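Count along the sequence shown starting at 1, add 19, and that's the number in the numbering used here. All C-beta atoms in this analysis are idealised placements derived from N, C-alpha and C, irrespective of residue type, glycine included. On a predicted model such as this, the values are computed, not experimentally measured, just so you know. Shown next, in C-alpha coordinates, is the structure this report addresses.
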Amino acid sequence: MNLFIYPLRAVAQAIITPPLSVILIIVSMMLYIKNNKTITMQKIILGGSVNSSIELTLSQIVLGIIGGTLGSIILTGLGVVFKDISDIIFLFLTSILLMLIRPRMICFSYSGAILGMLSIIIKAVSFYITQLSDLKIFNIDILYLMIFIGIFHIIEGVLVMIDGHRGAIPVFTNKHGKILGGYAFKRYWPLSVAVITSGVINNFNLKYLPISMEMPYWWPIIKAQEFNIITNTMLSIFPMYAILGYSTVTFTRTKREKATSSGIHIVAYGISLVIVAQLARVGLLGEIAVLIFAPFAHEFMLNIQRKSEEKRCAKFVSDEEGLVVLEIAVDSPIKDFGIDIGSKILLVNNTNINSEAEIYPILRKNLNRGILTIKDSSGFVKEFEYKHENNKRLGIALVPRNVNETDISSGDSESFKNILKMLKDKEEYKFKGK
20 MNLFIYPLRA
30 VAQAIITPPL
40 SVILIIVSMM
50 LYIKNNKTIT
60 MQKIILGGSV
70 NSSIELTLSQ
80 IVLGIIGGTL
90 GSIILTGLGV
100 VFKDISDIIF
110 LFLTSILLML
120 IRPRMICFSY
130 SGAILGMLSI
140 IIKAVSFYIT
150 QLSDLKIFNI
160 DILYLMIFIG
170 IFHIIEGVLV
180 MIDGHRGAIP
190 VFTNKHGKIL
200 GGYAFKRYWP
210 LSVAVITSGV
220 INNFNLKYLP
230 ISMEMPYWWP
240 IIKAQEFNII
250 TNTMLSIFPM
260 YAILGYSTVT
270 FTRTKREKAT
280 SSGIHIVAYG
290 ISLVIVAQLA
300 RVGLLGEIAV
310 LIFAPFAHEF
320 MLNIQRKSEE
330 KRCAKFVSDE
340 EGLVVLEIAV
350 DSPIKDFGID
360 IGSKILLVNN
370 TNINSEAEIY
380 PILRKNLNRG
390 ILTIKDSSGF
400 VKEFEYKHEN
410 NKRLGIALVP
420 RNVNETDISS
430 GDSESFKNIL
440 KMLKDKEEYK
450 FKGK
(Lines of atoms letter the chains of each structure in order from A and count residues from 1; the text may use other names and numbers.)
(Lines give C-alpha, C1' and ligand atoms only; values in the text may rest on other atoms or scores of the structure.)
Protein backbone atom coordinates (compact mmCIF):
# COMPACT_ATOMS: atom_id res chain seq x y z
CA MET A 1 0.00 0.00 0.00
CA ASN A 2 3.01 2.33 0.36
CA LEU A 3 2.97 2.64 -3.42
CA PHE A 4 -0.28 4.63 -3.30
CA ILE A 5 0.93 7.01 -0.57
CA TYR A 6 3.09 8.88 -3.08
CA PRO A 7 0.30 10.10 -5.39
CA LEU A 8 -1.78 11.02 -2.34
CA ARG A 9 1.07 13.16 -1.00
CA ALA A 10 1.60 14.76 -4.41
CA VAL A 11 -2.09 15.63 -4.74
CA ALA A 12 -2.11 17.10 -1.22
CA GLN A 13 0.97 19.10 -2.16
CA ALA A 14 -0.81 20.50 -5.22
CA ILE A 15 -3.62 21.73 -2.95
CA ILE A 16 -1.61 23.37 -0.16
CA THR A 17 1.77 24.29 -1.66
CA PRO A 18 2.39 27.43 -3.76
CA PRO A 19 2.43 28.05 -6.65
CA LEU A 20 0.05 25.17 -7.39
CA SER A 21 -2.29 26.19 -4.58
CA VAL A 22 -2.41 29.67 -6.13
CA ILE A 23 -3.39 28.11 -9.45
CA LEU A 24 -6.23 26.25 -7.72
CA ILE A 25 -7.46 29.50 -6.14
CA ILE A 26 -7.39 31.30 -9.51
CA VAL A 27 -9.22 28.45 -11.25
CA SER A 28 -11.79 28.36 -8.43
CA MET A 29 -12.43 32.09 -8.83
CA MET A 30 -12.87 31.67 -12.59
CA LEU A 31 -15.33 28.83 -12.04
CA TYR A 32 -17.24 30.88 -9.48
CA ILE A 33 -17.59 33.79 -11.91
CA LYS A 34 -18.81 31.44 -14.63
CA ASN A 35 -21.25 29.75 -12.26
CA ASN A 36 -22.51 33.14 -11.13
CA LYS A 37 -23.43 33.89 -14.75
CA THR A 38 -25.26 30.57 -14.91
CA ILE A 39 -27.24 31.43 -11.78
CA THR A 40 -28.07 34.86 -13.22
CA MET A 41 -29.46 33.20 -16.34
CA GLN A 42 -31.49 30.77 -14.24
CA LYS A 43 -32.97 33.67 -12.28
CA ILE A 44 -33.92 35.53 -15.46
CA ILE A 45 -35.47 32.47 -17.11
CA LEU A 46 -37.19 31.07 -14.00
CA GLY A 47 -37.55 33.97 -11.64
CA GLY A 48 -35.35 32.02 -9.22
CA SER A 49 -32.31 29.75 -9.20
CA VAL A 50 -32.00 25.97 -9.23
CA ASN A 51 -28.53 25.97 -7.68
CA SER A 52 -26.22 28.43 -5.93
CA SER A 53 -22.87 29.66 -7.24
CA ILE A 54 -21.10 28.29 -4.16
CA GLU A 55 -22.74 24.88 -4.53
CA LEU A 56 -21.78 24.60 -8.21
CA THR A 57 -18.20 25.73 -7.59
CA LEU A 58 -17.57 23.55 -4.54
CA SER A 59 -18.90 20.44 -6.28
CA GLN A 60 -16.55 21.07 -9.20
CA ILE A 61 -13.49 21.59 -7.00
CA VAL A 62 -14.14 18.75 -4.53
CA LEU A 63 -15.15 16.20 -7.15
CA GLY A 64 -12.28 17.32 -9.38
CA ILE A 65 -9.75 16.74 -6.60
CA ILE A 66 -11.28 13.35 -5.80
CA GLY A 67 -11.30 12.41 -9.49
CA GLY A 68 -7.71 13.54 -9.99
CA THR A 69 -6.59 11.61 -6.91
CA LEU A 70 -8.36 8.45 -8.06
CA GLY A 71 -6.89 8.76 -11.56
CA SER A 72 -3.40 9.32 -10.15
CA ILE A 73 -3.69 6.22 -7.93
CA ILE A 74 -4.83 4.11 -10.90
CA LEU A 75 -1.98 5.38 -13.10
CA THR A 76 0.53 4.70 -10.32
CA GLY A 77 -0.80 1.19 -9.80
CA LEU A 78 -0.69 0.43 -13.53
CA GLY A 79 2.91 1.65 -13.65
CA VAL A 80 2.45 4.53 -16.09
CA VAL A 81 5.80 6.35 -16.09
CA PHE A 82 6.75 9.18 -18.44
CA LYS A 83 10.33 9.84 -19.42
CA ASP A 84 9.93 13.58 -18.90
CA ILE A 85 7.25 15.80 -17.39
CA SER A 86 7.42 17.89 -20.56
CA ASP A 87 5.47 15.10 -22.30
CA ILE A 88 2.38 15.92 -20.24
CA ILE A 89 2.98 19.67 -20.41
CA PHE A 90 3.12 19.45 -24.22
CA LEU A 91 -0.14 17.48 -24.09
CA PHE A 92 -1.84 20.25 -22.11
CA LEU A 93 -0.41 23.04 -24.29
CA THR A 94 -1.47 21.28 -27.49
CA SER A 95 -4.99 20.90 -26.11
CA ILE A 96 -5.11 24.64 -25.40
CA LEU A 97 -3.90 25.48 -28.92
CA LEU A 98 -6.51 23.16 -30.45
CA MET A 99 -9.17 24.77 -28.27
CA LEU A 100 -8.31 28.17 -29.78
CA ILE A 101 -8.88 26.69 -33.24
CA ARG A 102 -12.02 24.80 -32.30
CA PRO A 103 -13.26 24.59 -28.68
CA ARG A 104 -14.45 20.96 -28.90
CA MET A 105 -10.88 19.90 -29.86
CA ILE A 106 -9.63 20.57 -26.32
CA CYS A 107 -10.02 16.85 -25.59
CA PHE A 108 -6.76 14.96 -24.93
CA SER A 109 -7.72 12.40 -27.59
CA TYR A 110 -6.87 14.89 -30.34
CA SER A 111 -3.80 16.49 -28.76
CA GLY A 112 -2.47 13.07 -27.73
CA ALA A 113 -2.79 11.75 -31.29
CA ILE A 114 -0.94 14.79 -32.65
CA LEU A 115 1.87 14.49 -30.09
CA GLY A 116 2.15 10.76 -30.73
CA MET A 117 2.44 11.25 -34.48
CA LEU A 118 5.06 13.98 -33.96
CA SER A 119 7.00 11.59 -31.73
CA ILE A 120 6.97 8.87 -34.40
CA ILE A 121 7.98 11.32 -37.16
CA ILE A 122 10.84 12.78 -35.09
CA LYS A 123 12.10 9.28 -34.23
CA ALA A 124 12.08 8.37 -37.93
CA VAL A 125 13.85 11.57 -39.00
CA SER A 126 16.43 11.23 -36.20
CA PHE A 127 17.89 8.22 -38.00
CA TYR A 128 19.06 10.64 -40.68
CA ILE A 129 19.56 13.76 -38.53
CA THR A 130 21.36 12.62 -35.40
CA GLN A 131 21.10 16.04 -33.75
CA LEU A 132 17.37 15.45 -33.27
CA SER A 133 17.95 12.35 -31.17
CA ASP A 134 20.19 14.35 -28.84
CA LEU A 135 17.45 16.94 -28.26
CA LYS A 136 15.06 14.27 -26.94
CA ILE A 137 11.95 16.30 -27.71
CA PHE A 138 8.59 14.57 -28.11
CA ASN A 139 10.24 11.30 -27.07
CA ILE A 140 6.91 9.96 -25.84
CA ASP A 141 5.92 6.43 -24.92
CA ILE A 142 2.73 5.96 -26.97
CA LEU A 143 1.46 3.13 -24.76
CA TYR A 144 1.62 5.14 -21.55
CA LEU A 145 0.32 8.31 -23.23
CA MET A 146 -2.82 6.58 -24.49
CA ILE A 147 -3.38 4.82 -21.16
CA PHE A 148 -3.11 8.21 -19.43
CA ILE A 149 -5.74 9.66 -21.79
CA GLY A 150 -7.98 6.60 -21.44
CA ILE A 151 -7.90 6.60 -17.64
CA PHE A 152 -8.82 10.26 -17.42
CA HIS A 153 -11.67 9.75 -19.86
CA ILE A 154 -12.98 7.13 -17.45
CA ILE A 155 -12.66 9.65 -14.62
CA GLU A 156 -14.38 12.28 -16.77
CA GLY A 157 -17.27 9.92 -17.50
CA VAL A 158 -17.79 9.25 -13.80
CA LEU A 159 -17.70 12.99 -13.02
CA VAL A 160 -20.28 13.64 -15.76
CA MET A 161 -22.59 10.96 -14.35
CA ILE A 162 -22.29 12.37 -10.82
CA ASP A 163 -22.13 16.11 -11.43
CA GLY A 164 -22.79 16.83 -15.11
CA HIS A 165 -26.48 17.64 -14.61
CA ARG A 166 -25.82 20.54 -12.23
CA GLY A 167 -26.02 24.07 -13.57
CA ALA A 168 -28.02 23.08 -16.67
CA ILE A 169 -29.90 25.95 -18.32
CA PRO A 170 -33.35 25.56 -19.93
CA VAL A 171 -33.27 26.16 -23.70
CA PHE A 172 -35.79 25.94 -26.54
CA THR A 173 -35.69 25.01 -30.20
CA ASN A 174 -38.17 24.66 -33.05
CA LYS A 175 -38.63 21.31 -34.79
CA HIS A 176 -41.37 20.49 -37.28
CA GLY A 177 -43.35 23.53 -36.16
CA LYS A 178 -43.26 22.58 -32.48
CA ILE A 179 -41.41 24.25 -29.63
CA LEU A 180 -39.17 21.77 -27.80
CA GLY A 181 -37.82 22.37 -24.32
CA GLY A 182 -34.43 21.06 -23.30
CA TYR A 183 -31.25 21.73 -21.35
CA ALA A 184 -27.81 23.11 -22.14
CA PHE A 185 -24.96 21.62 -20.07
CA LYS A 186 -21.52 23.09 -19.47
CA ARG A 187 -19.38 21.89 -16.56
CA TYR A 188 -15.65 21.96 -15.80
CA TRP A 189 -13.63 20.15 -13.15
CA PRO A 190 -10.06 21.06 -12.08
CA LEU A 191 -8.18 17.82 -11.48
CA SER A 192 -5.13 17.60 -9.24
CA VAL A 193 -2.97 15.05 -11.03
CA ALA A 194 0.20 13.28 -9.89
CA VAL A 195 2.39 12.10 -12.78
CA ILE A 196 5.33 9.73 -12.30
CA THR A 197 8.42 10.60 -14.35
CA SER A 198 11.84 8.97 -14.66
CA GLY A 199 14.75 11.08 -13.45
CA VAL A 200 14.78 14.09 -11.15
CA ILE A 201 13.06 17.25 -12.37
CA ASN A 202 15.36 20.25 -12.08
CA ASN A 203 13.70 22.59 -14.57
CA PHE A 204 10.75 23.63 -12.42
CA ASN A 205 10.74 25.80 -9.33
CA LEU A 206 8.34 23.48 -7.56
CA LYS A 207 8.55 21.16 -4.59
CA TYR A 208 8.06 17.79 -6.24
CA LEU A 209 8.53 14.45 -4.57
CA PRO A 210 11.66 12.47 -5.53
CA ILE A 211 11.08 8.79 -4.94
CA SER A 212 13.28 5.84 -4.21
CA MET A 213 10.48 3.34 -4.24
CA GLU A 214 10.37 -0.20 -3.00
CA MET A 215 8.21 -1.72 -5.69
CA PRO A 216 5.74 -4.48 -4.84
CA TYR A 217 6.29 -7.71 -6.72
CA TRP A 218 3.23 -7.16 -8.92
CA TRP A 219 4.25 -3.69 -10.10
CA PRO A 220 3.85 -2.56 -12.81
CA ILE A 221 0.63 -4.09 -14.07
CA ILE A 222 1.25 -2.68 -17.56
CA LYS A 223 4.87 -2.82 -18.62
CA ALA A 224 6.22 -0.85 -21.59
CA GLN A 225 9.16 -2.00 -23.72
CA GLU A 226 11.58 0.48 -22.11
CA PHE A 227 10.32 -0.02 -18.57
CA ASN A 228 13.47 -1.80 -17.33
CA ILE A 229 15.56 1.19 -18.36
CA ILE A 230 13.15 3.56 -16.63
CA THR A 231 13.10 1.67 -13.34
CA ASN A 232 16.89 1.82 -13.11
CA THR A 233 16.64 5.59 -12.68
CA MET A 234 15.23 7.79 -9.95
CA LEU A 235 11.46 8.17 -10.13
CA SER A 236 9.76 11.46 -9.31
CA ILE A 237 6.13 12.38 -8.84
CA PHE A 238 5.16 15.73 -10.31
CA PRO A 239 1.87 17.33 -9.18
CA MET A 240 -0.09 19.50 -11.60
CA TYR A 241 -3.60 20.54 -12.56
CA ALA A 242 -5.69 19.51 -15.55
CA ILE A 243 -9.16 20.66 -16.58
CA LEU A 244 -11.88 18.29 -17.75
CA GLY A 245 -14.98 19.72 -19.40
CA TYR A 246 -18.44 18.57 -20.45
CA SER A 247 -20.71 20.46 -22.83
CA THR A 248 -23.84 19.27 -24.61
CA VAL A 249 -27.54 19.92 -25.24
CA THR A 250 -30.53 17.59 -24.99
CA PHE A 251 -34.19 17.86 -25.93
CA THR A 252 -35.03 14.19 -25.41
CA ARG A 253 -33.90 13.40 -21.86
CA THR A 254 -34.05 14.77 -18.36
CA LYS A 255 -30.93 16.38 -16.94
CA ARG A 256 -29.86 13.29 -15.02
CA GLU A 257 -30.72 10.93 -17.87
CA LYS A 258 -28.56 12.92 -20.29
CA ALA A 259 -25.63 13.20 -17.87
CA THR A 260 -25.81 9.47 -17.13
CA SER A 261 -26.00 8.55 -20.81
CA SER A 262 -23.08 10.82 -21.73
CA GLY A 263 -21.02 9.56 -18.80
CA ILE A 264 -21.53 5.92 -19.79
CA HIS A 265 -20.41 6.66 -23.36
CA ILE A 266 -17.31 8.50 -22.14
CA VAL A 267 -16.40 5.69 -19.72
CA ALA A 268 -16.84 3.12 -22.50
CA TYR A 269 -14.54 5.14 -24.74
CA GLY A 270 -11.92 5.42 -21.98
CA ILE A 271 -11.97 1.67 -21.33
CA SER A 272 -11.73 0.86 -25.04
CA LEU A 273 -8.78 3.25 -25.44
CA VAL A 274 -6.89 1.62 -22.55
CA ILE A 275 -7.47 -1.80 -24.15
CA VAL A 276 -6.59 -0.74 -27.71
CA ALA A 277 -3.49 1.07 -26.38
CA GLN A 278 -1.92 -2.34 -25.81
CA LEU A 279 -1.41 -2.55 -29.59
CA ALA A 280 1.45 -0.09 -29.10
CA ARG A 281 3.47 -3.03 -27.75
CA VAL A 282 3.49 -4.58 -31.24
CA GLY A 283 5.72 -1.88 -32.69
CA LEU A 284 5.41 1.02 -35.09
CA LEU A 285 2.27 -0.22 -36.83
CA GLY A 286 0.59 -0.83 -33.49
CA GLU A 287 1.46 2.68 -32.30
CA ILE A 288 0.07 4.23 -35.48
CA ALA A 289 -3.11 2.17 -35.13
CA VAL A 290 -3.64 3.41 -31.56
CA LEU A 291 -2.99 7.03 -32.54
CA ILE A 292 -5.57 6.77 -35.33
CA PHE A 293 -8.05 5.00 -33.07
CA ALA A 294 -7.99 7.66 -30.32
CA PRO A 295 -9.48 10.65 -32.21
CA PHE A 296 -11.65 8.63 -34.60
CA ALA A 297 -13.17 6.54 -31.81
CA HIS A 298 -13.84 9.74 -29.89
CA GLU A 299 -15.66 11.22 -32.91
CA PHE A 300 -17.56 7.94 -33.29
CA MET A 301 -18.63 8.12 -29.64
CA LEU A 302 -19.90 11.68 -30.08
CA ASN A 303 -21.67 10.74 -33.32
CA ILE A 304 -23.49 7.88 -31.60
CA GLN A 305 -24.83 10.33 -29.03
CA ARG A 306 -25.89 12.80 -31.72
CA LYS A 307 -27.71 10.09 -33.68
CA SER A 308 -29.41 8.89 -30.52
CA GLU A 309 -30.57 12.43 -29.78
CA GLU A 310 -31.97 12.79 -33.30
CA LYS A 311 -33.86 9.48 -33.22
CA ARG A 312 -35.44 9.88 -29.80
CA CYS A 313 -38.74 11.67 -29.29
CA ALA A 314 -38.75 15.09 -27.68
CA LYS A 315 -39.45 14.86 -23.95
CA PHE A 316 -40.72 18.35 -23.14
CA VAL A 317 -43.35 19.50 -25.64
CA SER A 318 -46.50 21.41 -24.69
CA ASP A 319 -49.75 20.45 -26.43
CA GLU A 320 -53.40 21.45 -26.45
CA GLU A 321 -53.83 19.84 -23.04
CA GLY A 322 -51.42 22.13 -21.22
CA LEU A 323 -47.95 23.62 -20.79
CA VAL A 324 -45.09 21.36 -19.68
CA VAL A 325 -42.92 22.38 -16.72
CA LEU A 326 -39.28 22.28 -17.85
CA GLU A 327 -37.53 23.56 -14.72
CA ILE A 328 -38.42 24.64 -11.18
CA ALA A 329 -36.49 27.07 -9.01
CA VAL A 330 -35.52 25.84 -5.57
CA ASP A 331 -37.55 28.66 -3.97
CA SER A 332 -40.55 28.42 -6.30
CA PRO A 333 -43.77 29.28 -4.39
CA ILE A 334 -45.72 26.51 -6.15
CA LYS A 335 -43.16 23.78 -5.51
CA ASP A 336 -44.97 22.80 -2.30
CA PHE A 337 -48.10 21.88 -4.26
CA GLY A 338 -46.49 18.79 -5.79
CA ILE A 339 -45.53 20.28 -9.14
CA ASP A 340 -42.40 18.67 -10.54
CA ILE A 341 -40.47 18.69 -13.81
CA GLY A 342 -42.65 17.10 -16.49
CA SER A 343 -45.92 18.25 -14.90
CA LYS A 344 -48.45 20.16 -17.00
CA ILE A 345 -50.34 23.31 -16.13
CA LEU A 346 -53.73 22.67 -17.72
CA LEU A 347 -55.80 25.66 -16.61
CA VAL A 348 -55.54 28.84 -14.59
CA ASN A 349 -58.96 29.88 -13.28
CA ASN A 350 -60.49 27.56 -15.91
CA THR A 351 -58.65 29.46 -18.65
CA ASN A 352 -56.29 27.90 -21.19
CA ILE A 353 -52.85 29.47 -21.39
CA ASN A 354 -50.17 29.47 -24.10
CA SER A 355 -47.20 30.75 -22.10
CA GLU A 356 -46.12 31.85 -18.64
CA ALA A 357 -46.78 35.48 -19.59
CA GLU A 358 -50.53 34.78 -19.89
CA ILE A 359 -50.79 33.52 -16.31
CA TYR A 360 -50.12 36.84 -14.58
CA PRO A 361 -52.96 38.92 -16.13
CA ILE A 362 -55.39 36.15 -15.16
CA LEU A 363 -54.14 36.26 -11.57
CA ARG A 364 -54.30 40.06 -11.44
CA LYS A 365 -57.96 40.02 -12.44
CA ASN A 366 -58.66 37.92 -9.35
CA LEU A 367 -56.60 39.90 -6.83
CA ASN A 368 -53.56 37.66 -7.41
CA ARG A 369 -55.53 34.54 -6.52
CA GLY A 370 -56.25 31.63 -8.77
CA ILE A 371 -57.14 27.98 -9.12
CA LEU A 372 -54.38 26.07 -10.92
CA THR A 373 -55.30 22.78 -12.57
CA ILE A 374 -52.22 20.56 -12.74
CA LYS A 375 -51.44 17.17 -14.26
CA ASP A 376 -48.37 15.78 -12.50
CA SER A 377 -45.68 13.63 -14.09
CA SER A 378 -47.53 10.50 -12.92
CA GLY A 379 -50.67 11.50 -14.81
CA PHE A 380 -52.83 12.54 -11.84
CA VAL A 381 -54.91 15.71 -12.30
CA LYS A 382 -55.37 17.95 -9.27
CA GLU A 383 -56.39 21.49 -8.42
CA PHE A 384 -55.10 23.85 -5.79
CA GLU A 385 -55.72 27.42 -4.80
CA TYR A 386 -52.75 29.68 -5.25
CA LYS A 387 -52.15 33.19 -3.89
CA HIS A 388 -49.55 35.01 -5.90
CA GLU A 389 -47.18 37.55 -4.36
CA ASN A 390 -47.15 40.86 -6.18
CA ASN A 391 -44.19 41.52 -8.53
CA LYS A 392 -42.91 37.96 -8.23
CA ARG A 393 -42.86 35.12 -10.71
CA LEU A 394 -43.87 31.49 -10.35
CA GLY A 395 -40.28 30.28 -10.34
CA ILE A 396 -40.84 27.78 -13.15
CA ALA A 397 -39.89 27.50 -16.83
CA LEU A 398 -42.79 26.45 -19.05
CA VAL A 399 -42.44 25.20 -22.61
CA PRO A 400 -44.62 27.60 -24.63
CA ARG A 401 -46.85 26.50 -27.46
CA ASN A 402 -45.62 29.37 -29.60
CA VAL A 403 -42.55 31.55 -29.51
CA ASN A 404 -40.94 34.02 -31.90
CA GLU A 405 -38.15 32.60 -34.07
CA THR A 406 -35.78 35.29 -32.75
CA ASP A 407 -36.35 34.06 -29.20
CA ILE A 408 -35.40 30.44 -29.87
CA SER A 409 -32.02 29.23 -28.66
CA SER A 410 -30.42 25.83 -29.04
CA GLY A 411 -27.91 26.60 -26.31
CA ASP A 412 -24.92 26.47 -28.68
CA SER A 413 -24.82 29.64 -30.74
CA GLU A 414 -26.06 32.20 -28.21
CA SER A 415 -23.57 33.94 -25.97
CA PHE A 416 -24.38 34.76 -22.37
CA LYS A 417 -24.71 38.47 -23.15
CA ASN A 418 -27.06 37.91 -26.10
CA ILE A 419 -29.39 35.63 -24.14
CA LEU A 420 -29.28 37.97 -21.15
CA LYS A 421 -30.24 40.97 -23.30
CA MET A 422 -32.95 39.01 -25.13
CA LEU A 423 -34.62 37.92 -21.91
CA LYS A 424 -34.36 41.29 -20.21
CA ASP A 425 -35.98 42.99 -23.20
CA LYS A 426 -39.03 40.71 -23.21
CA GLU A 427 -41.99 41.90 -21.22
CA GLU A 428 -43.36 38.37 -20.87
CA TYR A 429 -40.50 37.56 -18.49
CA LYS A 430 -41.54 40.34 -16.12
CA PHE A 431 -44.54 40.35 -13.85
CA LYS A 432 -46.01 43.80 -13.51
CA GLY A 433 -48.20 44.05 -10.47
CA LYS A 434 -50.73 46.76 -9.85
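- Under DSSP, Ile198 shares a beta bridge with Asn193.
- Of all alpha-carbon atoms in Ile241, Tyr129, Asn193 and Gly289, the one lying nearest the alpha-carbon of Leu97 is that of Ile241.
- Per DSSP, reduced to three states, the secondary structure at Ser217 is strand.
- Between the C-alpha atoms of Pro380 and Met49 there is a straight-line separation of about 41 Å.
- The bridge partners DSSP lists for Lys394 are Lys363 and Val400.
- Setting aside the 5 residues that flank it on each side, Gln79 is surrounded in the same chain by Leu50 and Trp208, each with a C-beta closer than 6 Å to its C-beta; the list follows chain order.
- If you draw a straight line from the Cα of Gly389 to the Cα of Phe403, it is about 8 Å long.
- Following the DSSP letters along the chain, one finds Ile107 in no beta strand (DSSP E) but inside the alpha helix (DSSP H) bounded by residues Ser105 to Ile120.
- Here Lys406 carries a strand assignment [DSSP, helix/strand/coil].
- One Cα belongs to His407, the other to Asn387, and the distance between them is close to 5 Å.
- The alpha-carbon separation between Tyr405 and Asn368 amounts to approximately 10 Å.
- Excluding its 5 nearest sequence neighbours in each direction, Gly66 has C-beta neighbours in its own chain below 6 Å: Arg412 and Gly414, listed in chain order.
- Counted as a single uninterrupted DSSP element, the stretch harbouring Tyr147 is not any alpha helix (DSSP H), since DSSP gives it neither H nor E.
- Under the three-state reduction of DSSP output, Ser351 falls in the coil class, being neither helix nor strand.
- Here the alpha carbon of Pro122 sits roughly 27 Å from the alpha carbon of Asp103.
- Only buried fits Pro26, as 16 or more other CB atoms lie within 10 angstroms of its CB.
- Around the beta carbon of Gly302, a 10 Å sphere encloses fewer than 16 other beta carbons of the protein chains shown; the residue is thus reported as exposed.
- Residue environment: Glu276 is assigned as exposed (fewer than 16 neighbouring CB atoms within 10 Å of its CB, all protein chains considered).
- With a threshold of 16 other beta carbon atoms within 10 Å, Tyr163 meets it and is buried.
- Within the same chain, and ignoring the five residues on either side of Thr88 in sequence, the residues whose Cβ sits closer than 6 Å to its Cβ are Val30.
- The three-state secondary structure of Lys205, taken from DSSP, is strand.
- One Cα belongs to Ser47, the other to Glu339, and the distance between them is close to 46 Å.
- Across the structure, Ser128 and Leu43 are spaced so that their CA atoms are roughly 24 Å apart.
- For Phe101, the secondary structure class from DSSP, reduced to helix, strand or coil, is strand.
- A straight-line Cα-Cα distance of about 15 Å links Gln32 and Val81.
- In this structure the segment 335-349 does not lie against the segment 169-182, because fewer than three pairs of beta carbons, one per stretch, are closer than 8 Å.
- Annotation for Thr267: no alpha helix (DSSP H) segment contains it, though the beta strand (DSSP E) segment containing it runs Leu254 to Thr269.
- Inter-segment contact for the segment 295-312 and the segment 256-263 is absent: fewer than three beta-carbon pairs are separated by less than 8 Å.
- Below 8 Å, enough C-beta pairs join the segment 67-78 and the segment 342-359 to call them touching: three or more.
- Assigned with DSSP and collapsed to three states, Arg272 falls in coil, not helix or strand.
- The criterion of a C-beta distance shorter than 7 Å is not satisfied by Pro189 and Ile58.
- Glu329 counts as exposed, since fewer than 16 other C-beta atoms from the protein chains shown sit within 10 angstroms of its C-beta.
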